[in-house]
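One structure is given below, encoded as structure tokens.
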Amino acid sequence: MDKAAVEPLPMLALGPCLGFSTRLFMTRLILASGSSIRRQMLEDAGVEFEVVRPDVDEDAAKAGQTEPRKIAGDLAQVKAVAVSASRPDDWVIGSDSVVVADDRLFSKPASREEAADHLRFFSGKTMRLTSGVALAREGRTDWSHVETAELQVRKLSDAFIESYLEAEWPEVGHTVGVFRMEARGVQLFEAIAGDHFTILGMPLIPLLGAFRERGMLPS
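Be aware that the sequence shown starts at 1, since it is given in this note's numbering, and climbs by one per residue.
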């Protein structure tokens, strides 16, 4: 693992009234992802961790697969295990998201032009977003969870798509659905059904429960 890929993150306080810091782990907790929103979710939850980007060929990992829940779950586990292999004493979080619309599986857009094509395809359709999360230790998966949300995309005009990408590119190029719900991406939708954190890219509530079950957070 490239040492340059390791990014220690600062300790965050849970609050002055609680009398303890977020340094709750006997071993280190690692997020195997470069996603800024996944970092933000853990930081906001008061969890101390560090980031190690996994060296994983995602296309190879999902080659031949067509079932979104299996793809998201497998990719989350592959990322976690890849980092855990070099950090066996630590807990490693892996996570990934998959988007399907009209039975078509989407990957991250390779260019702004492809992002516009994706948005035109999504227009007026229901997008199914599946996010998986996994915990690994000693080079193997210890726990995993997958959830799916449905997002109804409103009719998108070409003028809107152009102005949207003018504001959001290249950041949305790192997302499979070409949107950031925490930013202007919320303007794409007319209805949403599903867990907020799953839509952001990582089912956080079950993950925090897994931490507590393993004594990694106070119950």
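A virtual CB, placed ideally from N, CA and C, is assigned to each residue, including glycine.
Since the structure is predicted, the reported quantities are computational estimates derived from the model, not experimental observations.
For residue i, report the span of its alpha helix (DSSP H) as first-last.
i      : result
Thr69  : Note on residue identity: the sequence assigns Arg, not Thr, to residue 69. Here the alpha helix (DSSP H) through Arg69 covers Pro68 to Ser84.
Gly209 : Leu204 to Glu213
Arg87  : Taken as a continuous stretch (DSSP letters only), Arg87 belongs to no alpha helix (DSSP H), as it is neither H nor E.
Leu119 : Arg112 to Phe122
Phe197 : His196 to Leu200
Gln187 : Element bounds for Gln187: n/a, residue is neither H nor E.
Leu165 : Asp158 to Glu168
Would you mind stating whether residue i and residue j have Cβ atoms separated by less than 9 Å?
i      : j      : result
Phe122 : Leu156 : yes
Val98  : Thr130 : yes
Ser181 : Gln152 : The residue asked about is misnamed: residue 181 is Met in this sequence, not Ser. Not a contact, by the Cβ cut-off of 9 Å.
Val78  : Ile30  : no
Phe197 : Leu188 : no
Val51  : Ser33  : yes
Ile71  : Gly201 : no
Grab me the residues of residue i's own chain with a C-beta within less than 6 Å of its C-beta, minus the 5 sequence neighbours each way, in chain order.
i      : result
Pro218 : none
Ala101 : Phe122, Lys125 and Met127
Glu171 : none
Ala76  : Gly94, Ser95, Asp96, Gly132, Val133 and Ala134
Express the C-alpha separation of residue j and residue i in angstroms, rounding to a whole number.
i      : j      : result
Phe25  : Met216 : In this prediction, Phe25 has a pLDDT of 43, which is less than 50 and means its spatial position is unreliable; what the coordinates show is noted afterwards. Going by the C-alpha atoms only, they are around 6 Å apart.
Ile199 : Asp89  : 31 Å
Arg53  : Ala85  : 13 Å
Thr223 : Leu204 : The requested residue 223 does not occur in the structure, where the chain is confined to residues 1 to 219.
Arg69  : Gly132 : 8 Å
Arg214 : Ala116 : 44 Å
Ala63  : Asp74  : 11 Å
Arg112 : Gly173 : 7 Å
Arg154 : His145 : 29 Å
What residues in its chain sit with their C-beta under 7 Å from that of residue i, if we drop five residues either side in the sequence?
i      : result
His118 : Phe106, Pro109 and Val178
Arg184 : Tyr164, Ala167 and Glu168
Could you say if the segment 152-160 and the segment 52-67 meet the contact criterion of at least three C-beta pairs nearer than 8 Å?
-> no
Touch check for the segment 103-113 and the segment 199-217: three-plus C-beta pairs under 8 Å?
-> no
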